[in-house]
Amino acid sequence: TAAKKSETNAKNSETAAKTSETNAKSSQTAAKTSETNAKASETAAKNSQVAAAQSESAAAGSATSAAGSATAAANSRKAAKTSETNAKSSQTAAKTSETNAKASETAAKNSQDAAAQSESAAAGSASAAAASATASANSQKAAKTSETNAKTSETAAANSAKASAASQTAAKASEDAAREYASQAADPYKYVLQPLPDVWIPFNDSLDMITGFSPSYKKIVIGDDEITMPGDKIVKFKRASKATYINKSGVLTEAAIDEPRFERDGLLIEGQRTNLLLNSTNPSKWNKSGNLELTEISTDSFNFTYGRFTVKDTLIGQTSAINIVTISGSKGFDVTGDEKYVTISCRVRSDVENIRCRLRFEHHDGYTYTFLGDAYLNLSTLVIDKTGTAADRIIAKAVKDEVTGWIFYQATINALDTESMIGAMVQYAPVKGSGTASGDYLDIATPQVEGGSSASSFIVTDITASTRASDMVTVPIKNNLYNLPFTVLCEVHKNWYKTPNAAPRVFDTGGHQTGAAIILGFGRSTDYDGFPYCDIGLANRRVNENASLEKMVMGMRVKSDQSTCSVSNGRISSEKKATWSYIQNSAIIRIGGQTTAGLRHLFGHVRNFRIWHKALTDAQMGESI
Numbered sequence: 011t012a013a014k015k016s017e018t019n020a021k022n023s024e025t026a027a028k029t030s031e032t033n034a035k036s037s038q039t040a041a042k043t044s045e046t047n048a049k050a051s052e053t054a055a056k057n058s059q060v061a062a063a064q065s066e067s068a069a070a071g072s073a074t075s076a077a078g079s080a081t082a083a084a085n086s087r088k089a090a091k092t093s094e095t096n097a098k099s100s101q102t103a104a105k106t107s108e109t110n111a112k113a114s115e116t117a118a119k120n121s122q123d124a125a126a127q128s129e130s131a132a133a134g135s136a137s138a139a140a141a142s143a144t145a146s147a148n149s150q151k152a153a154k155t156s157e158t159n160a161k162t163s164e165t166a167a168a169n170s171a172k173a174s175a176a177s178q179t180a181a182k183a184s185e186d187a188a189r190e191y192a193s194q195a196a197d198p199y200k201y202v203l204q205p206l207p208d209v210w211i212p213f214n215d216s217l218d219m220i221t222g223f224s225p226s227y228k229k230i231v232i233g234d235d236e237i238t239m240p241g242d243k244i245v246k247f248k249r250a251s252k253a254t255y256i257n258k259s260g261v262l263t264e265a266a267i268d269e270p271r272f273e274r275d276g277l278l279i280e281g282q283r284t285n286l287l288l289n290s291t292n293p294s295k296w297n298k299s300g301n302l303e304l305t306e307i308s309t310d311s312f313n314f315t316y317g318r319f320t321v322k323d324t325l326i327g328q329t330s331a332i333n334i335v336t337i338s339g340s341k342g343f344d345v346t347g348d349e350k351y352v353t354i355s356c357r358v359r360s361d362v363e364n365i366r367c368r369l370r371f372e373h374h375d376g377y378t379y380t381f382l383g384d385a386y387l388n389l390s391t392l393v394i395d396k397t398g399t400a401a402d403r404i405i406a407k408a409v410k411d412e413v414t415g416w417i418f419y420q421a422t423i424n425a426l427d428t429e430s431m432i433g434a435m436v437q438y439a440p441v442k443g444s445g446t447a448s449g450d451y452l453d454i455a456t457p458q459v460e461g462g463s464s465a466s467s468f469i470v471t472d473i474t475a476s477t478r479a480s481d482m483v484t485v486p487i488k489n490n491l492y493n494l495p496f497t498v499l500c501e502v503h504k505n506w507y508k509t510p511n512a513a514p515r516v517f518d519t520g521g522h523q524t525g526a527a528i529i530l531g532f533g534r535s536t537d538y539d540g541f542p543y544c545d546i547g548l549a550n551r552r553v554n555e556n557a558s559l560e561k562m563v564m565g566m567r568v569k570s571d572q573s574t575c576s577v578s579n580g581r582i583s584s585e586k587k588a589t590w591s592y593i594q595n596s597a598i599i600r601i602g603g604q605t606t607a608g609l610r611h612l613f614g615h616v617r618n619f620r621i622w623h624k625a626l627t628d629a630q631m632g633e634s635i
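Here this note's numbering is used: the first residue of the sequence shown is 11, the next is one more, and so on.
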């Protein structure tokens, strides 16, 4: 029995030993698996290190992950070493005793735990490696993007540099071109811009000179006192009568004796004229027809005294014209002398549509009155129709002032040598092709009949005809003009469309030695009536092309070599050598006329009169208005 028990125990021990051996083998297998896993972990760790190294250059976050992987790999190697040790201990324990087997079992258990840890660590390493790879890829993308952006920035910078260089080149070219243009543009202007005149008289609103010499007197007002003051730059002005003018506010104004008249176009200079129509500012005394009623006498805001002449109802339907104010042929202007022109003028207005005003001329030979011709004005259209045997000898003109409403209407007739006395009339006329209508009327102001080729400023009359004296404007030659060279320019406005005399003056000289006369004015010829010209030392120069101009800047130039030309609104005549060399200092400059009789007076305006003691260039003489 004891033997059987021993045998049984031995078998049991053998079985236990086999079991322990099996367990040991299992532990050994587990250990090898752990070692394999550890090596795999080590490999993964190495890969992680490589990935971490790559990630470290791309991003700081990848570097941190790689460091974690390295730590996990180190832990796996330690665990694998422990498993190997435990496996060897299990083999020893299996050969000796169950105790060792249990120890092996315990060691195996520990190996399993370690393997699990290794597996977990390996999984962590794999996850870290995946994160590192992802981070590395992102870093590579970011790096690629950064590289692309860097290249784009580099390209943009290069383009900017090129553009900047091009701009600098263009700026330099523009600067050079501007300098060249300024140089080229400035150079000619020294021949265009005029120097300061040696004699300068604006004639804008006073007789004061800016430069030049003219001792005279002028009146100034201090408080309630008027004082006459001397000066050496005051143009001398004389007129032996009162005169009227339209001031710069459009108001009819009366100037006292020796008072200059400044209008919009400058100093008004006229020769002597006589108004033959009586009581020119008193419509109640005009010799109107009995078929008209004087329904109103008034003075408007522009100081024009007018009468309103209304047709009586008894004349309704009739087509004939009716007298408003007249001077008969027997009391008219004598055309047997040098003056062959007679002019009638007035201001007229009406609200009646297409109503007409008629200006009529008649001749009286001492015995018989003869109708010469008419000029009909349609007040709505300003169309003028002329009739009668002398219609081709009549020139008529109408200009409306849109502010005042007045139409300045004038007609001029050129008398024949066989005619002696010419009278004229202002008349009402009905609408063309119709008869007189109820309520037809005309307002008439400033009626005037005078000898001359155009109307002059209005002359106030009473019971007798009145004469306006000539305007006389002078400055001394002394200290103003002496010898060659010289240039003269002046703004001129003509109040006429037919030359009022043989040669209206802009200026000329008086009191000079023989052959030293200087003339600037207007001439007349069959083809060019009113042409601007100059005449000095047998050099007569004309600008025929500007004969019809009403306004102009005109003048003359005499060079050091005596080459002489005339200029009008920049148009320069051909040159001719003059014989003129100097003028004595006792002479005078006469502006706008010659004598108190009105011979060769301008009948217009002058302004901005200038003399230079040098020959201006053609460009400097190129002014025009």
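All residues carry an ideal CB built from backbone N, CA and C; glycine is no exception. Quantities reported herein were computed from a predicted structural model and do not represent experimental measurements.
Cβ neighbours of residue i in the same chain (closer than 7 Å, five flanking residues each side left out)
i: ASP323; result: SER448
i: ASN424; result: LYS350, TYR351, ARG403
i: THR589; result: GLY525, GLY547, LEU548
i: GLN282; result: THR477, ARG478, ALA479, SER480, ALA607, GLY608
i: SER596; result: GLY521
i: MET239; result: TYR227, LYS228, ILE230
i: VAL202; result: ALA629, GLN630
i: LYS248; result: ASP268, MET482
i: ARG274; result: LYS258
Same chain, Cβ closer than 6 Å to residue i, neighbours up to 5 away in sequence not counted
i: LEU278; result: TYR255, ARG271, HIS615
i: GLY276; result: PHE213, HIS615, VAL616, ARG617
i: GLY433; result: ILE337, SER338, GLY339, GLY342, GLU372
i: SER578; result: PRO542, VAL553, ASN556, MET562, MET564
i: ASP395; result: TYR386
i: PHE222; result: The sequence shown places Gly at residue 222, rather than the Phe named in the question. Taken in chain order, the residues that qualify are VAL209, ASN490.
i: LEU389; result: SER360, ILE365
i: ALA250; result: ALA479
i: VAL2; result: It is not possible to answer for residue 2, since the shown part of the chain is limited to 11 through 635.
Environment of residue i [buried if 16+ CB atoms lie within 10 Å]
i: ASN505; result: buried
i: ALA512; result: exposed
i: LEU387; result: buried
i: ALA133; result: At ALA133 the pLDDT is 47, less than 50, meaning the model places this residue with poor confidence and gives no usable figure here.
i: GLN630; result: buried
i: GLU460; result: buried
i: SER463; result: buried
i: LEU392; result: exposed
i: VAL321; result: buried
i: ASN110; result: Bear in mind that a pLDDT of 46 at ASN110, under 50, signals an unreliable position, so the number given afterwards is only what the model happens to contain. Its Cβ being crowded by 16 or more others within 10 Å, ASN110 is buried.
i: GLY241; result: exposed
i: GLU280; result: buried
Bridge partner(s) assigned by DSSP for residue i
i: GLY614; result: ILE279, LYS504
i: SER576; result: MET566
i: ALA447; result: In DSSP, ALA447 forms no bridge with anything.
i: THR247; result: Per the sequence shown, residue 247 should be read as Phe rather than Thr. Paired residues: VAL483.
i: GLY433; result: GLU372
i: PHE418; result: ARG357, VAL409
i: THR399; result: DSSP lists no partner for THR399.
8 Å contact criterion, which residue i and residue j should meet: CB distance rounded
i: ILE354; j: VAL436; result: 7 Å
i: ASN301; j: LYS295; result: Incorrect: roughly 18 Å between the Cβ atoms, too far for contact.
i: VAL485; j: LYS246; result: 7 Å
i: ASP344; j: SER430; result: 7 Å
Bounding residues of the beta strand (DSSP E) (the contiguous stretch that carries residue i)
i: ASP518; result: 515 to 520
i: ALA425; result: No beta strand (DSSP E) holds ALA425; DSSP gives it neither H nor E.
i: TYR538; result: Careful: TYR538 lies outside any beta strand (DSSP E) and carries neither H nor E.
i: TRP210; result: 209 to 211
i: PRO240; result: 235 to 241
i: ILE332; result: 332 to 337
i: TYR379; result: 379 to 388
i: SER308; result: 302 to 309
i: SER262; result: A quick correction: the sequence has Leu, not Ser, at residue 262. LEU262 -> beta strand (DSSP E) spans 262 to 265.
i: GLY317; result: 315 to 321
i: ASN550; result: 549 to 552
i: VAL362; result: Looking at the DSSP string, VAL362 is not in any beta strand (DSSP E), and its letter there is neither H nor E.
i: ILE599; result: 598 to 601
Nonlocal neighbours in the same chain, by C-beta distance under 8 Å from residue i, ignoring five residues either side
i: THR309; result: THR315, TYR316
i: LYS587; result: ALA549, ASP571, GLN572, SER573, THR574
i: ALA400; result: PHE371, LEU382, GLY383, ILE423
i: ALA527; result: ASP518, THR519, ASP545, ILE546
i: THR305; result: ARG318, PHE319, THR320, TYR451
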